[in-house]
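The number in my numbering is simply the position in the sequence shown, starting from 1, with 9 added. Beta carbons: idealized from backbone N, C-alpha and C, even for Gly. For reference, the structure discussed in these notes is given below.
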Amino acid sequence: MLKTLPPTLRDKKRYLVFEIIYEDELSESEIINIIRNATINYYGVWGTSKSNPWLVYYDFPYGILRCRHTEVDYVRSALIFVKEYKNKPINIVVLGVSGTVRKAKIKFLGITPKRLYMKRLKESKSKNNSKNN
10 MLKTLPPTLR
20 DKKRYLVFEI
30 IYEDELSESE
40 IINIIRNATI
50 NYYGVWGTSK
60 SNPWLVYYDF
70 PYGILRCRHT
80 EVDYVRSALI
90 FVKEYKNKPI
100 NIVVLGVSGT
110 VRKAKIKFLG
120 ITPKRLYMKR
130 LKESKSKNNS
140 KNN
C-alpha cells in the first residue's frame with residue numbers, strides 16, 4: 010500500500026491567473042491544448058513535465074493555471090509567446106501569481122469569499138438534489 014507524502018516533501022505550487030484576449034470564446038480543452046503546445050514548443054517535453062502546468066479554473070476569458078513554484082517564470086514566458094490560434098491573433102495576459110487558488114480568485118478575479126461560499130453551497134445543494142431524484 011502506498012503512503013502519501015508529508016507536506017514538507019510535496020512539490021510547492023503557484024497559481025497563475027491569466028486573461029485571454031481572443032475574438033471567439035474558447036473551450037476548456039482548447040485552452041489546455043494551447044498551454045500544452047506553448048510549453049512544449051518553448052521548453053520541450055522535459056521542461057513541460059518539470060513545470061507540470063495544470064488548468065485549475067476556467068471561465069472565459071479568465072483562467073487559473075497551476076505549476077511548480079520554481080518554474081513560474083518559464084510557464085509565464087511560454088504563455089506570452091502565444092500569438093496565434095486557428096489563424097487568428099490571440100493574447101494571453103498573466104494578471105498575477107498567487108500561492109493558493111482561493112487568494113488568486115479573490116485578488117485577481119474579484120471573487121469575494123462570500124461569493125465563493127455561496128457558489129459552493131449551490132453546488133452541494135444541486136448535487137444532493139440530483140442524488141435524491
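| Query | Result |
| --- | --- |
| Do Asn61 and Arg45 have their C-beta atoms within less than 7 Å of each other? | no |
| Find the nearest neighbour of Leu25 within the set Ile40, Gly108, Ser38 and Ser36, judged by alpha-carbon distance. | Gly108 |
| If contacts are defined as beta-carbon pairs under 8 Å, then Arg75 and Val91 qualify, I think. What distance do you get, rounded to the angstrom? | Contact flag wrong, Cβ pair sits at about 18 Å. |
| Give every residue of the same chain whose Cβ lies closer than 7 Å to the Cβ of Pro98, excluding the five residues on either side of it in the sequence, and list them in chain order. | Lys92 |
| Can you find the residues in the same chain that come closer than 8 Å, C-beta to C-beta, to Thr48, ignoring five residues on each side of it along the sequence? | Gly56, Thr57, Ser60, Pro62, Tyr83, Val84 and Ala87 |
| Around the C-beta of Arg129, are 16 or more other C-beta atoms found within 10 angstroms, so that it is buried, or is it exposed? | exposed |
| Whole alpha helix (DSSP H) runs in the stretch 21–82 with 4 or more residues, listed along the chain? | 37–60 |
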